Amino acid sequence: MDPATLERLIVKEIRKAREISRRDLADRLVIAKSTAGRRIDSMIERGIVRETGIEDRKEVGRPRRFLDLVPSYGSYAGFDFDARHLYAVLIDYAQGELSREKIRLSSAPNRDELLGHLRNLIAGFRENASGMPLHAVGIGVPGHVRRESRTSVYYPFISDWHQVDLATELDLEPSLLHIENNTRAILLGEYWNGPLAGSENLACINVRTGIAAAVIANGALISGEHEMAGEIRGWPVSEHDWLEKVATVRAVIDGEAPGSDRWFEFVTACLESDPASLATLEEAATHHGAAAARIVQLLDPKAVFFAGPFTELESLYLDRVRNAVAASLDGHYFTSPPILAASLGEYAGAHGAAALAAAETPLPDTEQTV
262 MDPATLERLI VKEIRKAREI SRRDLADRLV IAKSTAGRRI DSMIERGIVR ETGIEDRKEV
322 GRPRRFLDLV PSYGSYAGFD FDARHLYAVL IDYAQGELSR EKIRLSSAPN RDELLGHLRN
382 LIAGFRENAS GMPLHAVGIG VPGHVRRESR TSVYYPFISD WHQVDLATEL DLEPSLLHIE
442 NNTRAILLGE YWNGPLAGSE NLACINVRTG IAAAVIANGA LISGEHEMAG EIRGWPVSEH
502 DWLEKVATVR AVIDGEAPGS DRWFEFVTAC LESDPASLAT LEEAATHHGA AAARIVQLLD
562 PKAVFFAGPF TELESLYLDR VRNAVAASLD GHYFTSPPIL AASLGEYAGA HGAAALAAAE
622 TPLPDTEQTV
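Structure below.
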C-alpha cells in the first residue's frame, strides 16, 4: 500500500472513532504496528495528527495514547439544497463546525439563483476568519447525480436545473469538488458525526419537496449501478398514486411554489391541533412509515433516520411514523429499529457533504487549496 493511500485510510479511521490508538489502527487496517507507527509519526511531524490523553486503566506496559486530527490543518465546505433552502457549513480538519449559513430561496428558484449563492458562499468560506486553507468542497445535490463528472443530472423543482456541470459552473478543479445525492449526504453525516457513527447498517428517508432514501449496508454507502439507489419517489401507495405525489412537502402545500408560506402555516396548524392538518400529517406519516418498513425488511438497518421539514414537528410526526413502521412489520418477524430524526438537523446534508469532501480528497499539500 502506498503512503498516500495509507494516510487517507488512517484519517478515515480516526474520524470514525471516538477513541483510537496506534495499535487499534494497525488492527483495523490489518497492517504491521511498525508500519502504522512510522506513518503516524510522519503525520504528527507534518501537523496532521496529534496524540492526546492516556487511557485510564492499570495495565502492565506502556499506556496507550489516543490519536486525534489537528483541527487547524485545513477546512472543508459542505452544501445541501432543495427547492426551498440552501444549507452551508464550514468544518475544520477534525470536522468541528466553524460556521453555517441557511439561505431561503425565492418562491420560484432557478439555476442561476442557486449557482450564484453557491459561488458567493464558497468565496466567503475561502476568506474564513480562522485563516485555514479551504482544501475541498462537497455538495449534496437533490435527484440524480453523476459523481465522476461532478454533474447534477436533473431536479424538476429548480427551473433549468438540467445537466449542471458543477465543477465548471463553480470554477473548481474536479479533484477538489465532490458531489453526492443529498439524501446519501445526510446519511454520510450521520455515519461520520452522528450518535451511531461508524455503524455498519443505517438507513435514511429524506422528505422535502420530493422524497428519497439512502442506505449504508455492511459499512458501504449504496449508490447503485446507475447512481439512482434510493429514488423511491415512484413507490406505489394505491392504484393511482405514488409516494412523492401524496406524502411530501409539495403534496401538503397542494403544489404551491416551494418557497411559499403554506408549509409554515401547516406546521403551525398541526401544533395547534387543527383536526384537518393532523389528519393530513397522519396520512403522510403512515406512508413514510410503510416506506421505512420496506427498507427495514430488505436491509435490516440498525436505525432509520428521517430528515426534512416534517421532523420540525418532532414527536408529533415521529411517533406517527414509528406506529406505522410497527404496524407494517407486525407479524413479519421484524422488530422495528429506532426511528430517529437526523441528529444534525437541517444541516445534516451539508455536514455529510463536507465529510465526503474530507474523505475523498487526498491529504493536501500546502499549495493544494480551493
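Per our numbering, residue 262 is the first one in the sequence shown, and the count goes up by one each step. For glycine and all other residues, C-beta sits at the position ideal for the given N, C-alpha and C. Since the model is a prediction, treat every value here as computed from it, not as a measurement.
Might you give, ordered along the chain, the residues of its own chain that have their beta carbon closer than 6 Å to the beta carbon of residue i, omitting 5 neighbours on each side?
i: Asp-343; result: Pro-403, Arg-469 and Thr-470
i: Glu-575; result: none
i: Gly-480; result: Glu-461
i: Ala-287; result: Lys-294 and Ala-297
i: Ser-484; result: Ala-490
Within this structure, are the beta carbons of residue i and residue j separated by less than 8 Å?
i: Leu-437; j: Thr-622; result: yes
i: Leu-395; j: Ser-413; result: no
i: Glu-488; j: Ala-473; result: no
i: Arg-387; j: Val-425; result: no
i: Ala-338; j: Leu-351; result: yes
i: Ile-281; j: Leu-328; result: yes
i: Arg-300; j: Pro-332; result: no
i: Ser-368; j: Glu-374; result: no
i: Ala-603; j: Ala-568; result: yes
Could you tell me the distance, in whole angstroms, from the CA atom of residue i to the CA atom of residue j?
i: Ala-490; j: Ser-360; result: 31 Å
i: Arg-348; j: Ser-295; result: Sequence inspection shows Tyr at residue 348; the Arg mentioned does not correspond to that position. Computed Cα separation, rounded: 43 Å.
i: Gly-459; j: Trp-422; result: 34 Å
i: Pro-497; j: Asp-591; result: 21 Å
i: Arg-523; j: Ala-297; result: 56 Å
i: Gly-399; j: Tyr-452; result: 16 Å
i: Leu-560; j: Asp-285; result: 29 Å
i: Leu-601; j: His-593; result: 22 Å
i: His-501; j: Arg-494; result: 14 Å
i: Pro-417; j: Ile-271; result: 40 Å
i: Ala-512; j: Leu-542; result: 11 Å
i: Tyr-578; j: Glu-358; result: 28 Å
i: Pro-456; j: Lys-277; result: 11 Å
i: Thr-429; j: Arg-408; result: 14 Å
i: Met-262; j: Ala-554; result: 41 Å
i: Val-310; j: Gln-356; result: 13 Å
i: Leu-482; j: Gly-308; result: 30 Å
Per DSSP, residue i is paired with what?
i: Phe-327; result: Thr-313
i: His-405; result: Tyr-415
i: Ile-466; result: Ala-474 and Phe-567
i: His-612; result: Answer by DSSP bridge pairing: none, since His-612 is not bridged.
i: Ile-440; result: Ile-400
i: Asn-454; result: DSSP lists no partner for Asn-454.
i: Lys-506; result: None, per the DSSP bridge assignment.
Report all residues from its chain with a CB closer than 7 Å to the CB of residue i; omit the five preceding and five following residues, and keep chain order.
i: Leu-379; result: Phe-340 and Leu-431
i: Gly-450; result: Leu-605, Ala-609, Gly-610, His-612, Gly-613 and Ala-616
i: Ser-538; result: Phe-527, Ala-530 and Cys-531
i: Arg-269; result: Pro-623 and Leu-624
Starting from the C-beta of residue i, find all residues in its chain whose C-beta is less than 8 Å away, skip the five residues before and the five after it, and write them out in chain order.
i: Glu-406; result: Going by the sequence as given, residue 406 is Val instead of Glu. So the list reads Thr-412, Ser-413, Val-414, Ile-440, Glu-441, Asn-442 and Glu-488, once near-sequence residues are dropped.
i: Gln-558; result: Leu-590, His-593 and Phe-595
Across the segment 612-622 and the segment 445-456, are there enough close Cβ pairs to call them in contact, namely three or more that are closer than 8 Å? Yes: at least three Cβ pairs fall under 8 Å.
With a threshold of 8 Å, are at least 3 pairs of Cβ atoms found where one atom belongs to the segment 577-589 and the other to the segment 539-553? Touching, yes, given that three or more Cβ pairs across the two stretches are closer than 8 Å.
Can you confirm whether the segment 556-566 touches the segment 460-479 when touching is taken to mean that 3 or more C-beta pairs between the two stretches lie within less than 8 Å? The count of Cβ pairs closer than 8 Å, one atom from the segment 460-479 and one from the segment 556-566, reaches three, so the stretches are in contact.
Indicate whether the contact test is met: 3 or more Cβ pairs, each with one atom in the segment 286-304 and one in the segment 357-374, closer than 8 Å. no
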